[in-house]
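Worksheet: the structure to be examined is printed underneath.
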Amino acid sequence: MAEPTYTADEMMTIAASRLLQNRMVCFVGIGLPSAASNLARLTHAPEIVLIYESGTIGTKPDVLPLSIGDGELSATADTVVSVPEMFRYWLQGGRIDIGFLGAAQIDRFANINTTVIGPYDKPKVRLPGAGGAPEIAGSAGEVFIVLRQTARAFVEKLDFITSVGHLDGGDARKRAGLPGKGPSAVITDLGILKPHSTTRELELVSLHPGVTKEQAIGATGWKLNVAARLEATPPPTKIELETLRALHARTARAHGSAAA
Amino acid sequence: MAEPTYTADEMMTIAASRLLQNRMVCFVGIGLPSAASNLARLTHAPEIVLIYESGTIGTKPDVLPLSIGDGELSATADTVVSVPEMFRYWLQGGRIDIGFLGAAQIDRFANINTTVIGPYDKPKVRLPGAGGAPEIAGSAGEVFIVLRQTARAFVEKLDFITSVGHLDGGDARKRAGLPGKGPSAVITDLGILKPHSTTRELELVSLHPGVTKEQAIGATGWKLNVAARLEATPPPTKIELETLRALHARTARAHGSAAA
Amino acid sequence: MAEITTLREAVAKLIGDGDYVACEGFTHLIPFAAGHEIIRQEKRNLALVRMTPDIIHDQMIGMGCARELTFSWGGNPGVGSLHRFRDAVERGWPAPLKLYERSHADLANAYAAGASGLPFAVMRGYVGNDLPKHNPQIKTLICPFTGETLAAVPSVRPDVAVIHAQKADRKGNVLIYGIVGVQKEAVLAAKRSIVTVEEIVASLDAPRNATILPNWVVSAVCCVPRGARPSYAEGYYGRDNKFYSDWDEIARERETFLAWMTRHVMSTTDFADYERSLSAVQPKQVSHG
Amino acid sequence: MAEITTLREAVAKLIGDGDYVACEGFTHLIPFAAGHEIIRQEKRNLALVRMTPDIIHDQMIGMGCARELTFSWGGNPGVGSLHRFRDAVERGWPAPLKLYERSHADLANAYAAGASGLPFAVMRGYVGNDLPKHNPQIKTLICPFTGETLAAVPSVRPDVAVIHAQKADRKGNVLIYGIVGVQKEAVLAAKRSIVTVEEIVASLDAPRNATILPNWVVSAVCCVPRGARPSYAEGYYGRDNKFYSDWDEIARERETFLAWMTRHVMSTTDFADYERSLSAVQPKQVSHG
Numbered sequence: 001m002a003e004p005t006y007t008a009d010e011m012m013t014i015a016a017s018r019l020l021q022n023r024m025v026c027f028v029g030i031g032l033p034s035a036a037s038n039l040a041r042l043t044h045a046p047e048i049v050l051i052y053e054s055g056t057i058g059t060k061p062d063v064l065p066l067s068i069g070d071g072e073l074s075a076t077a078d079t080v081v082s083v084p085e086m087f088r089y090w091l092q093g094g095r096i097d098i099g100f101l102g103a104a105q106i107d108r109f110a111n112i113n114t115t116v117i118g119p120y121d122k123p124k125v126r127l128p129g130a131g132g133a134p135e136i137a138g139s140a141g142e143v144f145i146v147l148r149q150t151a152r153a154f155v156e157k158l159d160f161i162t163s164v165g166h167l168d169g170g171d172a173r174k175r176a177g178l179p180g181k182g183p184s185a186v187i188t189d190l191g192i193l194k195p196h197s198t199t200r201e202l203e204l205v206s207l208h209p210g211v212t213k214e215q216a217i218g219a220t221g222w223k224l225n226v227a228a229r230l231e232a233t234p235p236p237t238k239i240e241l242e243t244l245r246a247l248h249a250r251t252a253r254a255h256g257s258a259a260a
Numbered sequence: 001m002a003e004p005t006y007t008a009d010e011m012m013t014i015a016a017s018r019l020l021q022n023r024m025v026c027f028v029g030i031g032l033p034s035a036a037s038n039l040a041r042l043t044h045a046p047e048i049v050l051i052y053e054s055g056t057i058g059t060k061p062d063v064l065p066l067s068i069g070d071g072e073l074s075a076t077a078d079t080v081v082s083v084p085e086m087f088r089y090w091l092q093g094g095r096i097d098i099g100f101l102g103a104a105q106i107d108r109f110a111n112i113n114t115t116v117i118g119p120y121d122k123p124k125v126r127l128p129g130a131g132g133a134p135e136i137a138g139s140a141g142e143v144f145i146v147l148r149q150t151a152r153a154f155v156e157k158l159d160f161i162t163s164v165g166h167l168d169g170g171d172a173r174k175r176a177g178l179p180g181k182g183p184s185a186v187i188t189d190l191g192i193l194k195p196h197s198t199t200r201e202l203e204l205v206s207l208h209p210g211v212t213k214e215q216a217i218g219a220t221g222w223k224l225n226v227a228a229r230l231e232a233t234p235p236p237t238k239i240e241l242e243t244l245r246a247l248h249a250r251t252a253r254a255h256g257s258a259a260a
Numbered sequence: 001m002a003e004i005t006t007l008r009e010a011v012a013k014l015i016g017d018g019d020y021v022a023c024e025g026f027t028h029l030i031p032f033a034a035g036h037e038i039i040r041q042e043k044r045n046l047a048l049v050r051m052t053p054d055i056i057h058d059q060m061i062g063m064g065c066a067r068e069l070t071f072s073w074g075g076n077p078g079v080g081s082l083h084r085f086r087d088a089v090e091r092g093w094p095a096p097l098k099l100y101e102r103s104h105a106d107l108a109n110a111y112a113a114g115a116s117g118l119p120f121a122v123m124r125g126y127v128g129n130d131l132p133k134h135n136p137q138i139k140t141l142i143c144p145f146t147g148e149t150l151a152a153v154p155s156v157r158p159d160v161a162v163i164h165a166q167k168a169d170r171k172g173n174v175l176i177y178g179i180v181g182v183q184k185e186a187v188l189a190a191k192r193s194i195v196t197v198e199e200i201v202a203s204l205d206a207p208r209n210a211t212i213l214p215n216w217v218v219s220a221v222c223c224v225p226r227g228a229r230p231s232y233a234e235g236y237y238g239r240d241n242k243f244y245s246d247w248d249e250i251a252r253e254r255e256t257f258l259a260w261m262t263r264h265v266m267s268t269t270d271f272a273d274y275e276r277s278l279s280a281v282q283p284k285q286v287s288h289g
Numbered sequence: 001m002a003e004i005t006t007l008r009e010a011v012a013k014l015i016g017d018g019d020y021v022a023c024e025g026f027t028h029l030i031p032f033a034a035g036h037e038i039i040r041q042e043k044r045n046l047a048l049v050r051m052t053p054d055i056i057h058d059q060m061i062g063m064g065c066a067r068e069l070t071f072s073w074g075g076n077p078g079v080g081s082l083h084r085f086r087d088a089v090e091r092g093w094p095a096p097l098k099l100y101e102r103s104h105a106d107l108a109n110a111y112a113a114g115a116s117g118l119p120f121a122v123m124r125g126y127v128g129n130d131l132p133k134h135n136p137q138i139k140t141l142i143c144p145f146t147g148e149t150l151a152a153v154p155s156v157r158p159d160v161a162v163i164h165a166q167k168a169d170r171k172g173n174v175l176i177y178g179i180v181g182v183q184k185e186a187v188l189a190a191k192r193s194i195v196t197v198e199e200i201v202a203s204l205d206a207p208r209n210a211t212i213l214p215n216w217v218v219s220a221v222c223c224v225p226r227g228a229r230p231s232y233a234e235g236y237y238g239r240d241n242k243f244y245s246d247w248d249e250i251a252r253e254r255e256t257f258l259a260w261m262t263r264h265v266m267s268t269t270d271f272a273d274y275e276r277s278l279s280a281v282q283p284k285q286v287s288h289g
């Protein structure tokens with residue numbers, strides 16, 4: 001096999017991008033979700049609608065934004081609305097198919113912490129906070145989460161719930177009256193996790209090439225369940241890899257520094 | 001005296017226009033208020049800010065609009081906002097100095113009916129309804145009302161309160177928690193009425209030239225109080241009259257029919 | 001995803017008898033052609049909502065399409081009463097019309113709340129006003145921070161929103177400018193939507209923060225030039241004020257109204273045909289031909 | 001009515017110690033020059049509010065201007081933490097900073113409610129979220145129509161709003177375009193406002209439905225070219241990404257931070273002087289000179 005070599009981050013971004021379908025309306029978080037969303041747009045999903053919380057609707061950036069409100073997002077958008085309108089009419093209004101989030105910490109039910117490590121009033125690490133994530137997690141039709149898998153990030157118990165996943169599992173979301181279905185996939189540098197059909201606990205459903213089940217279990221702070229039928233993530237195709245690398249190269253050139 | 005001749009409607013419009021001061025922010029109703037507001041703008045108040053509920057802010061129409069959303073209002077505005085924004089940010093937001101309303105019926109406390117004559121469920125006459133008036137009457141800093149004075153319009157008891165004036169008088173508005181001060185002047189074809197300083201009942205404070213106190217009393221469906229110091233409205237000046245007539249003539253030409 | 005189709009097909013497919021239908025337009029861009037098509041297809045039992053029902057609603061009500069009307073100002077602007085509306089309210093002809101009457105501020109907030117996916121809107125209004133006595137939908141609530149009593153009004157969330165706009169591109173993205181009213185909110189609040197446009201162009205060439213409805217929030221886009229007449233479309237044609245004043249006479253009596261509607265709407269196949277029919281009667285009325 | 005004045009005079013006159021101050025900008029049009037002037041004039045005890053506090057808030061907090069911060073996301077976008085913000089939160093330096101933490105959807109609604117003259121906003125949010133446990137401002141209410149429990153959040157109604165915009169005309173009417181954020185709402189929600197602009201022109205030449213702040217809702221307009229740098233102003237200059245990444249090193253330690261602020265902000269007279277001071281250090285950094 002003359003497979004191209006690639007990094008774990010590249011595999012993660014490519015695996016995430018594959019979950020996005022053409023014409024989906026995707027509310028995109030900055031960083032890894034933004035790279036995956038734009039990769040999808042540049043490969044198999046040319047008519048995907050990308051929305052950033054800064055108010056840019058149907059944006060088609062040529063390079064990745066460093067921040068959620070870069071000029072590149074505004075200049076290539078179908079339209080730009082105010083931030084209150086974005087959260088009121090477009091997100092809460094139920095117009096979003098996929099909310100695409102990153103996270104600092106995640107638990108077995110795909111609840112997310114981006115607020116503090118340690119106690120809220122005396123934090124060990126003060127993280128940036130909620131941003132748009134709580135209501136994206138609540139209102140988007142479904143949610144994808146992308147982050148690197150480590151035992152420090154995949155924790156038994158979150159110090160703070162910033163954005164809800166499946167709460168304490170089962171039909172907890174429905175009982176709480178949350179409009180969206182919640183996280184349906186967590187994409188990491190090791191594989192893909194999806195919530196179990198009834199318990200809604202995350203289980204490992206796919207391993208990226210070269211990664212072992214034991215590695216994934218070891219990088220998880222709770223006892224990770226593995227799906228009966230564990231799949232193998234297809235490696236990046238030449239087109240996926242070239243497109244992603246070209247995107248990062250353009251981004252680095254445009255920003256005059258190292259790519260994200 | 002070589003005073004020019006003029007109609008009672010012209011005197012009414014001119015008297016109303018004089019109450020508007022330069023740089024006031026005026027939320028304008030269609031019809032008589034619109035004529036008076038634009039006359040003020042074309043004479044002594046060139047920087048008055050005229051706002052129509054269709055969303056046009058700072059509009060400077062060359063001819064009078066027939067409807068609240070004419071193209072003339074949009075084309076000459078500083079900006080045009082959506083109707084929800086108009087009512088939320090600009091009116092309810094407390095940005096309006098003067099709400100300028102017409103009326104079908106009015107009572108002694110300057111409450112207004114534009115909904116029905118007769119019982120609501122079996123009306124004798126079904127009028128157009130509330131429009132923007134209830135919240136203009138509630139939220140504008142103060143309110144001017146312009147209408148022709150007849151015993152059928154100035155009634156002892158309204159069949160329906162569409163827009164509040166001073167409710168049942170005294171400090172009733174304040175007790176009800178209404179933000180604006182309410183009607184401070186009612187301008188008719190016979191004279192000007194203003195609320196009494198404590199009872200808030202309308203009293204006749206000025207008579208237009210050639211009109212008698214008895215005429216005004218006879219054209220009022222309740223026992224009209226007359227101010228101790230009854231003033232005489234100065235007759236229209238040549239400039240006022242010429243400006244108003246030119247405005248109506250331009251309007252008639254533009255609309256291809258009789259002027260409003 | 002917006003389908004670019006004919007108005008006849010869009011109305012047949014997207015509006016059913018008994019539906020809750022918002023046809024919006026605030027003097028500007030009133031969807032007359034779409035209203036005519038609703039009448040032509042003899043839709044029945046509709047719950048109509050519009051802030052400012054005018055001639056097109058007079059026509060739908062007089063032709064028996066409506067069972068109820070939610071509104072805040074009903075009249076022929078600058079002319080006077082809507083005779084068919086009054087006949088329905090005052091004498092139940094051709095059918096009783098149940099009214100849900102509100103104010104502009106209320107309905108504007110209610111559309112915005114509908115677009116926002118909320119069940120209700122909060123506003124400061126209706127104090128000392130008689131409308132809440134006759135419309136049980138208007139309630140109050142207490143601010144949990146200040147204790148102030150405010151009005152609470154139900155969202156407007158129609159089955160179908162119908163609007164007219166200046167243009168769409170070939171993908172069905174819609175641009176509206178000038179007096180935009182509550183049209184964007186109406187479309188976003190509704191389950192389905194029909195947008196008639198003056199023209200379909202290769203590119204909208206819209207300024208940065210223009211009012212755009214992306215094709216994925218619109219059900220059908222129909223090219224109907226002059227489809228807002230006798231209302232106006234900024235950038236295309238002015239308001240036909242003469243038609244508004246002529247309507248007063250046409251609609252005053254049931255017979256003249258029915259004769260006019262039969263001849264010009266029911267006997268014509270679409271809006272272009274209606275325009276030909278009208279201009280045959282009034283060859284000199286250049287403005288509405 | 002907007003007074004066209006210098007930024008120094010506007011900040012001196014309109015911002016007092018202890019005021020509740022919103023400096024807004026969503027990546028785009030961040031009012032850096034105005035923030036520097038607040039620091040230069042040694043304003044103290046401010047209650048700051050911003051959806052996305054970034055470097056300029058790091059600077060105000062580190063220089064001891066703030067007693068509290070209402071916010072929804074605090075960081076150096078694309079780079080990492082705000083070290084001065086963290087030092088204040090984690091170690092109380094130079095003074096303890098009381099946090100009122102909310103979400104973007106909340107603060108966006110809260111500014112809109114403030115602009116609308118309402119004491120609170122209703123939204124669907126915070127279900128299962130820990131923020132309400134730590135911020136007693138976040139409450140719930142029951143929809144009087146459906147019985148649904150919704151979040152109720154207090155309006156943001158600052159004493160002063162500070163924003164940067166592309167241009168104003170000579171009367172002080174302001175035009176903003178591109179990513180407009182919550183700046184219009186912030187100005188309309190505030191008692192007073194300061195708008196810095198790239199240029200003052202004879203006519204705004206704005207498209208029909210552009211985002212305009214009429215001169216009668218603005219207190220002061222100040223012409224400060226490049227006044228948003230290192231943020232960007234669409235149509236004028238791009239974002240100085242290098243400055244954002246350089247800031248991480250400058251702000252990491254108290255000493256380097258204080259030295260930098262003393263040299264470039266406290267020892268300069270205005271934004272133009274600050275730019276000269278910066279370019280003297282980094283002659284090659286063309287983008288932020």
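Residue numbers (the working numbering), protein chains in the order written: chain A, 1 to 260; chain B, 1 to 260; chain C, 1 to 289; chain D, 1 to 289.
For glycine and all other residues, C-beta sits at the position ideal for the given N, C-alpha and C.
What distance in whole Å lies between the Cβ atoms of A/G141 and A/I96, which are believed to be in contact at a cut-off of 8 Å?
6 Å
Please go through the same chain and pick out, in chain order, the residues whose beta-carbon is closer than 7 Å to the beta-carbon of C/A105, but skip the five residues on each side of it.
M123, G125
Given D/R84 as reference, the closest of D/F71, D/Y236, D/L141, D/I61 once Cα atoms are compared:
D/I61
Expressed to the nearest angstrom, what Euclidean distance is found between the alpha-carbon atoms of D/E9 and D/Q166?
20 Å
Closer than 7 Å between beta carbons: that is the criterion. Which residues of the stretch 133-153 of chain C meet it against chain D?
Of all residues in the stretch 133-153 of chain C, K139, L141, C143, P144, F145, T146, E148, A152 have a Cβ within less than 7 Å of some Cβ in chain D.
What residues in its chain sit with their C-beta under 6 Å from that of C/A112, if we drop five residues either side in the sequence?
So the qualifying residues of the chain are E185.
Decide if B/K264 is buried, meaning its Cβ has at least 16 other Cβ atoms within 10 Å, or exposed.
No statement about residue 264 of chain B is possible, as the shown extent of chain B runs from 1 to 260 and does not include it.
Looking only at C-alpha atoms, which of D/K13, D/E3, D/P53, D/N45 sits nearest to D/G355?
Chain D is shown only over 1 to 289; residue 355 of chain D falls outside these bounds and no answer can be derived.
For the stretch 86-101 of chain A, list every residue whose C-beta sits within 9 Å of some C-beta in chain C, in sequence order.
F87, R88, Y89, W90, L91, Q92, G93, G94, R95
Give a yes or no on whether 7 Å exceeds the smallest Cβ distance from A/G71 to chain C.
no
Return helix, strand or coil for D/S277, following the three-state DSSP convention.
helix
Would you mind telling me which residues of chain B sit closer than 8 Å to D/N209, beta carbon to beta carbon, in chain order?
T79, V80, V81
Taking C/M1 as the query, report the chain A residues whose CB atoms sit under 8 Å from its CB, ordered along the chain.
R23
Among A/T233, A/H255, A/L241, which one has its Cα closest to the Cα of D/N241?
Residue nearest to D/N241 within the set A/T233, A/H255, A/L241 is A/H255 (criterion: CA-CA distance).
Taking 7 Å as the cut-off, decide whether the C-beta atoms of D/A220 and D/T27 are in contact.
no
With a cut-off of 7 Å, does the C-beta of B/E135 fall near any C-beta of chain C?
Yes, B/E135 lies at the interface with chain C (some Cβ there is under 7 Å from its Cβ).
Of all the alpha helix (DSSP H) runs that stay within the bounds of the stretch 157-237 of chain D, which reach a length of 4 or more residues?
Counting whole runs of 4 or more residues, the stretch 157-237 of chain D contains the alpha helix (DSSP H) stretches 183-189.
According to DSSP, is A/A8 helix, strand or coil?
The three-state secondary structure of A/A8, taken from DSSP, is helix.
With a floor of 3 residues, list each beta strand (DSSP E) that falls wholly inside the stretch 97-154 of chain D, ordered by position along the chain.
98-101, 120-123, 139-142, 149-154
Any idea what DSSP makes of A/P65, helix, strand or coil?
coil
Should C/V21 be labelled buried (16 or more other beta-carbon atoms within 10 Å of its own) or exposed?
Classification for C/V21: buried.
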